[in-house]
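Q: Dropping the structure in here first, questions after.
2 protein chains.
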Amino acid sequence: MNVQLEDTTGKRVAVLNSTLALIKEYGFHGTPMSLIAKRAGVAAGTIYHYFDSKETLIIELYVHVKDKMALAVAAGDDEEKPFKDRFINLMINQYNFYVENENALFFLEQYMSSPFAKNYPDRDSQLFMDKVIKFFEYGIENAYFRNIDSRLLAPTIKGTLVAAATFQLSGQIVFSKDDILEVANVIWDGIKRQ
Amino acid sequence: MNVQLEDTTGKRVAVLNSTLALIKEYGFHGTPMSLIAKRAGVAAGTIYHYFDSKETLIIELYVHVKDKMALAVAAGDDEEKPFKDRFINLMINQYNFYVENENALFFLEQYMSSPFAKNYPDRDSQLFMDKVIKFFEYGIENAYFRNIDSRLLAPTIKGTLVAAATFQLSGQIVFSKDDILEVANVIWDGIKRQ
DNA sequence: TGCAACCGAATGAACGTTCAATTAGAAGAT
DNA sequence: ATCTTCTAATTGAACGTTCATTCGGTTGCA
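Just so you know, the sequences run in chain order A and B.
Going by the numbering used here, the first sequence wraps up at 300, each residue one higher than the last.
Going by the numbering used here, the second sequence wraps up at 300, each residue one higher than the last.
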């Protein structure tokens, strides 16, 4: 029921991970609560001890996953370094996160293009705001970017990274470190101040 | 039942349009067949005269929508013109299609990030292949693009356009023709041979 | 002893699909 | 033109299944 329950037994996290894995395979509505429970090694009723409903479970999963991503993306960021270097680092981190967390990539994409995102636009990861969004705001204020609306930047960038990661994960190709760097530069060349 | 039924009464198209509109609002599984029927002005059973199941209805809707998009995107394309001009024209056409067909944009995004797309990767619009994919193959063969894998191009481009169109549709901003041109140039500057 | 965590069978609503019956319209016969 | 026949299109109530959620009871821990 409650939003802030201690998860001493790890069942809350087990449910979240189970949901994440199943949604990748079957989609939101293709995954019944009974299956989520089974895979988490938990009774169906237990889920409702931690989450009000299937809907809030998915929304809380979204925040959970995006928190994890925010930490991964901001890893190794160093304010002393040149802006472009920091930018490329973030791009590569995000690409790697996607590739190493296929479930998360697939889930996030589904979530963003589902009615959930429209109905709960305020529910988002605070960590992501603080670490990632902040970086872009800094870049905008200091005129590192082309003169386009700032809110266009993030989705533009994401589109390219998601495309690359999805492609790698499809197994059709194996990108080298240089390939990924090239992808990061496609993005940079597009949005940098020309 | 049959795949190639004449639609003399327009009920097949009515069902497709009804489905498109409802999916935008409620998502795939949030829209029951009964509601699709009601909105189309048709009995529930009639849907099954034209489509085998809800699943095939959605797959056929995908092809239907993408056919429409292919025609809109390729409008005014002229092989005599410089490649960059043709490219920008295609970008602007696709942007405009998204903005003028919000239902279609939302549906396509949902479809692509759903298990449908993974389960039926071969079901796609022939028109889109012939008109749009062909153009990019031409650009690749003639080395207009940066040296990245060709299959990375389309999704990279789409990511930016979808971002822009979604933003415009959110009502947060009204893009001028020049703004859209600028977006098209972000894409071009990113992927052109540097 | 008390309370939170947990269980899982039971509940009831929602939904995709079916099908027997009805209608509409075309083709053929007079 | 009018009537007859046949088929395809259409209807919507009924069916059977699935699934989210509930709840009375049990366990484990402080």
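In this text, a Cβ means the ideal position worked out from N, Cα and C, and glycines have one as well.
By DSSP's criteria, F251 (chain B) is part of a beta bridge. Which residues make up the other side?
A: BP columns for F251 (chain B) point to B:K298.
Q: Using a Cβ distance threshold of 8 Å, determine whether the stretch 129-143 of chain A contacts the stretch 170-190 of chain A, with at least three qualifying pairs required.
A: Judged by Cβ distances under 8 Å, the stretch 129-143 of chain A makes no contact with the stretch 170-190 of chain A, as fewer than three pairs qualify.
Q: Look at the Cβ atom of V292 (chain B), then the Cβ atom of T266 (chain B), and state whether they are nearer than 8 Å.
A: Yes, Cβ-Cβ distance for V292 (chain B) and T266 (chain B) is below 8 Å.
Q: Going residue by residue through the stretch 143-170 of chain B, where are the continuous alpha helix (DSSP H) segments of at least 4 residues, counting only ones entirely within it?
A: DSSP runs (the alpha helix (DSSP H)) wholly in the stretch 143-170 of chain B: 150-156.
Q: Quick one: residues in its chain with C-beta nearer than 6 Å to the C-beta of I50 (chain A), no 5 flanking neighbours on either side, listed in chain order?
A: Summary: the structure shown does not reach residue 50 (chain A), with chain A confined to residues 107 through 300, and so no result is reported for it.
Q: Among B:Q278, B:F281 and B:Y244, which one has its Cα closest to the Cα of R192 (chain B)?
A: The shortest C-alpha separation from R192 (chain B) is found at B:Y244.
Q: Evaluate E206 (chain B) with the Cβ neighbour count: other Cβ atoms within 10 Å of its Cβ, from every protein chain shown; 16 or more gives buried, anything less gives exposed.
A: That one is exposed.
Q: Are the stretch 116-127 of chain B and the stretch 274-286 of chain B touching, with three or more C-beta to C-beta distances below 8 Å?
A: Verdict: no, contact absent.
Q: Quick one: what does DSSP say R229 (chain A) is sitting in, helix, strand or coil?
A: Of the three classes helix, strand and coil, the one that applies to R229 (chain A) here is coil, per DSSP.
Q: Please name the residue in A:F241, A:Y204 and A:S256 whose C-alpha comes closest to that of E186 (chain A).
A: Checked all of A:F241, A:Y204 and A:S256; the closest Cα to E186 (chain A) is A:F241.
Q: Classify S256 (chain B): buried if its beta carbon has 16 or more other beta carbons within 10 angstroms, exposed otherwise.
A: With fewer than 16 Cβ atoms within 10 Å of its Cβ, S256 (chain B) is classed as exposed.
Q: Let me know the alpha helix (DSSP H) ranges lying completely inside the stretch 181-206 of chain B, each 4 residues or longer, listed in chain order.
A: Qualifying alpha helix (DSSP H) stretches, in chain order: 189-206.
Q: Within the same chain, show all residues whose beta-carbon is closer than 6 Å to that of N209 (chain A), passing over the 5 residues directly before and after it, in chain order.
A: Excluding residues within five positions, the ones whose Cβ falls inside 6 Å are L126, A127 and K130.
Q: Give the range of the alpha helix (DSSP H) segment to which F213 (chain A) is assigned.
A: E208 to M218 is the span of the alpha helix (DSSP H), which, as asked, contains F213 (chain A).
Q: Give the secondary structure of V179 (chain B) by DSSP, where H, G and I count as helix, E and B as strand, and everything else as coil.
A: V179 (chain B) falls in the helix class under three-state DSSP.
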